[in-house]
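Asks:
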Ligand SMILES: Cc1cc2nc3c(=O)[nH]c(=O)nc-3n(C[C@H](O)[C@H](O)[C@H](O)COP(=O)(O)OP(=O)(O)OC[C@H]3O[C@@H](n4cnc5c(N)ncnc54)[C@H](O)[C@@H]3O)c2cc1C
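In the working numbering, the protein residues as written are 1 to 508.
1) So the beta strand (DSSP E) residue 255 belongs to, where does it begin and stop?
2) Would you list, in sequence order, the uninterrupted alpha helix (DSSP H) runs of no fewer than 4 residues that lie entirely inside the region 150 to 200?
3) With 16 other CB atoms within 10 Å as the buried threshold, where does residue 357 fall?
4) Ordered along the chain, which non-local residues of its own chain (more than five positions away) have a Cβ less than 8 Å from that of residue 1?
5) Do the CB positions of residue 387 and residue 298 come within less than 9 Å of each other?
6) Starting from residue 330 and walking both ways along the alpha helix (DSSP H), at which residues does that stretch end?
7) Just the Cα atoms here: how many angstroms apart are residue 83 and residue 174?
8) Comparing C-alpha positions only, which one of 445, 486, 377 and 460 sits nearest to residue 433?
9) State buried or exposed for residue 335, treating a residue as buried only when at least 16 other CB atoms are found within 10 Å of its CB.
10) Report buried or exposed for residue 382, applying the criterion of at least 16 other Cβ atoms within 10 angstroms of its Cβ.
11) If you draw a straight line from the alpha carbon of residue 18 to that of residue 490, how long is it in whole angstroms?
12) Give every residue of the same chain whose Cβ lies closer than 6 Å to the Cβ of residue 12, excluding the five residues on either side of it in the sequence, and list them in chain order.
13) Cutting at 6 Å between CB atoms, please list the residues of its own chain near residue 70, excluding the five before and the five after it.
14) Provide the residue(s) that pair with residue 307 in DSSP beta bridges, ordered along the chain.
15) Compare the Cα-Cα distances from residue 296 to each of 286, 304 and 303 and report the closest residue.
16) Would you kindly work out how many angstroms separate the C-alpha atoms of residue 283 and residue 396, rounded to a whole number?
17) Can you grab the Cα-Cα spacing for the pair residue 499 / residue 184, in whole Å?
18) Return the chain-ordered list of same chain residues with a C-beta closer than 8 Å to the C-beta of residue 228, the five sequence neighbours on each side being excluded.
19) Pick helix, strand or coil for residue 35, following the three-state DSSP scheme.
20) For residue 444, which three-state DSSP category applies?
21) Provide the residue span of the alpha helix (DSSP H) that contains residue 130, from first to last.
22) Is residue 302 near ligand 1, judged by its Cβ being under 8 Å from some heavy atom?
23) Is it the case that the CB of residue 312 approaches a heavy atom of ligand 1 more closely than 8 Å?
24) Residue 566: buried (16+ other C-beta within 10 angstroms of its C-beta) or exposed?
25) Are the beta-carbon atoms belonging to residue 85 and residue 16 less than 9 Å from one another?
26) Is residue 271 closer than 9 Å to residue 235 when the C-beta atoms are compared?
27) Which whole-angstrom value is the C-beta distance of residue 134 and residue 154, which I expect to be below 8 Å?
28) Are the CB atoms of residue 49 and residue 203 within a distance shorter than 9 Å?
29) DSSP on residue 351, reduced to helix/strand/coil?
30) Could you check whether the Cβ of residue 89 sits closer than 8 Å to any heavy atom belonging to ligand 1?
31) What does the Cβ neighbour count give for residue 446, buried or exposed, with the cut at 16 atoms within 10 Å?
32) Taking Cβ to Cβ, would you say residue 240 is nearer than 9 Å to residue 181?
33) How would you label residue 72, buried or exposed, when you count the other beta carbons within 10 angstroms and need 16 or more for buried?
34) Along the chain, which unbroken stretches of the beta strand (DSSP E) at least 3 residues long are found entirely within the region 464 to 508?
35) Quick check: what's the CA-CA separation for residue 186 versus residue 194?
36) With 16 as the cutoff for other CB atoms within 10 Å, does residue 78 come out buried or exposed?
Structure, rendered in structure tokens:
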């Protein structure tokens, strides 16, 4: 092979997002030589960060990679490759999953899979993750909220007037809206200026609790931790018995390089990690690494999501940071259904350029008017893992993402219920649009963990059943997707794994 340069590290972490960042920070004080290989670069702080034209119309930060769906149609996926991973663009909603999410939930179209751990195993790690990300929230409002051993690190982000009004109207209907748990630096002395963007925008001033600022930079303060950007991992190399990973192969500046390690931690995101493991197939692991169960690349889940614009023609909505309200009364069905429906939460404020793709023929003034008069919502339901919902690498390095949708009847019922509710509380016009399949924002499930090596790729500490020194800590480990935003759960488990690895480092 041309241009191979051998390097050596104790620990190689692939990907600098939530999972990789939490493990790097957990192991930083161990003194082990840790190398983080990140495909992207640091996302520049620049005026375009907050410009909807640049972010949504020009797609300035989206990868230019081409992927294929199950029918062979090419698309440009909603993937963002930067130091900090998808949290550079994320919406800062930092939810704990509910206790029942860990136990397996009966849905209209099937049951979600139980986790090999339960909420009490996670509670302390959720608390630690909230501290690291600086989460704001209010305990005791949400009827589905799991028990907490400590308060939120910061009090709730206050509602702005239009949202405070919605909150009260929901309460007057007997509902229990809650302040949304959010990781922005908004408190006395904090740096957030409520810029009016946030969700799906990078933060120009570093006030978003993302994996770069909260995990990677603090880990890099330790001299034994190194970040190498522009390094795209292509495959892992196992020893001749196929039991241990001996090296990670990556491309940098057109050159193929290898680094050997005692411990390899994959965290390239649920889709890329699965693709890399499958692309690493060799004579001893013909189905790919960590894949004697055959589950790697299968059971891909995202969420079923729909955006709603609730419009009051006589009132403009000048809210700067609307993501302060969520509603979980129907999460497990409530009064509307005997089966779970999902979560309702506010989206970042929709602006005119974001509507261009959806309403290309409408005059600009009408799109602007809609955006000025809407309160914008995100309706989310659980996606159920299915064996034929798959990620597969192609020989040319592209990815086939064949997402088989599930549980859509419940999602449609939830959208109808939410729209009715919004009309009832005073929005005469309520428009909706499902999110497309090209935006796998909440991707998970492709390298699931479990108790049984026959049906899972990873053990309850995310160690590959097949390889003693390989861990996978991105959202690929999820056995089910729940119906809440995933980042805090990725963080909690990868902190738990990081603590476990501290005690194992000497034996690896
Ligand atoms: C627009 C948007 C909004 C979101 N909003 C929210 C929200 O409000 N709340 C929430 O909980 N979640 C949200 N999410 C989801 C959240 O960001 C993810 O769940 C979380 O980042 C997953 O962490 P991860 O470690 O699994 O992967 P990532 O954070 O995606 O990290 C993967 C890392 O691996 C790198 N990488 C990929 N391939 C390679 C390779 N071959 N070699 C080397 N490095 C590689 C990537 O560049 C990246 O840095 C949002 C996502 C998006 C896209």
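Don't be surprised by glycine CBs; every beta carbon is placed ideally from N, CA and C.
Replies: Reading from the atomic positions:
1) Per DSSP, residue 255 belongs to the beta strand (DSSP E) from 255 to 266.
2) As far as the region 150 to 200 is concerned, its whole alpha helix (DSSP H) runs of at least 4 residues are 161 to 172.
3) By the 10 Å Cβ count, residue 357 comes out exposed.
4) For residue 1, the predicted model reports a pLDDT of 43, less than 50, meaning its position is unreliable; a value from the coordinates is still stated below. The answer, listed in chain order, is 256.
5) Against a cut-off of 9 Å, the Cβ pair of residue 298 and residue 387 comes out as a contact.
6) Careful: residue 330 lies outside any alpha helix (DSSP H) and carries neither H nor E.
7) Approximately 44 Å, taken between the alpha carbons.
8) Closest by C-alpha distance to residue 433, out of 445, 486, 377 and 460, is 377.
9) So residue 335 ends up on the exposed side.
10) Taking all protein chains shown into account, residue 382 has 16 or more neighbouring C-beta atoms within 10 Å of its C-beta and is therefore buried.
11) Cα to Cα, the separation comes out at about 7 Å.
12) If the five residues before and after residue 12 are omitted, its C-beta is found closer than 6 Å to the C-beta atoms of 35, 248, 259, 261 and 264, all from its own chain and listed in chain order.
13) Taken in chain order, the residues that qualify are 402.
14) 378 and 433, per the DSSP bridge assignment.
15) Out of 286, 304 and 303, 286 has the C-alpha closest to the C-alpha of residue 296.
16) Cα to Cα, residue 283 sits roughly 20 Å from residue 396.
17) Their backbone Cα atoms lie some 26 Å apart in a straight line.
18) Beyond the five residues adjoining it in sequence on each side, residue 228 comes within less than 8 Å, by CB distance, of 35, 36, 37, 38 and 252 in the same chain, given in chain order.
19) DSSP places residue 35 in strand when its eight states are reduced to three.
20) Residue 444: strand per DSSP, three-state reduction.
21) First-last of the alpha helix (DSSP H) with residue 130: 119 to 133.
22) Result no, Cβ not under 8 Å from ligand 1.
23) No, Cβ of residue 312 sits at least 8 Å from all heavy atoms of ligand 1.
24) It is not possible to answer for residue 566, since the shown part of the chain is limited to 1 through 508.
25) For residue 85 and residue 16, yes; Cβs fall inside 9 Å.
26) The answer is no: Cβ separation not under 9 Å.
27) Contact flag correct, Cβ pair sits at about 6 Å.
28) Against a cut-off of 9 Å, the Cβ pair of residue 49 and residue 203 comes out as a contact.
29) DSSP places residue 351 in coil when its eight states are reduced to three.
30) Under cutoff, so the answer is yes.
31) Result: buried.
32) No, they are not a contact pair.
33) With fewer than 16 Cβ atoms within 10 Å of its Cβ, residue 72 is classed as exposed.
34) Counting only runs of 3 or more, we get 470 to 472.
35) If you take the alpha carbons of residue 186 and residue 194, they lie about 8 Å apart.
36) Label assigned to residue 78: buried.
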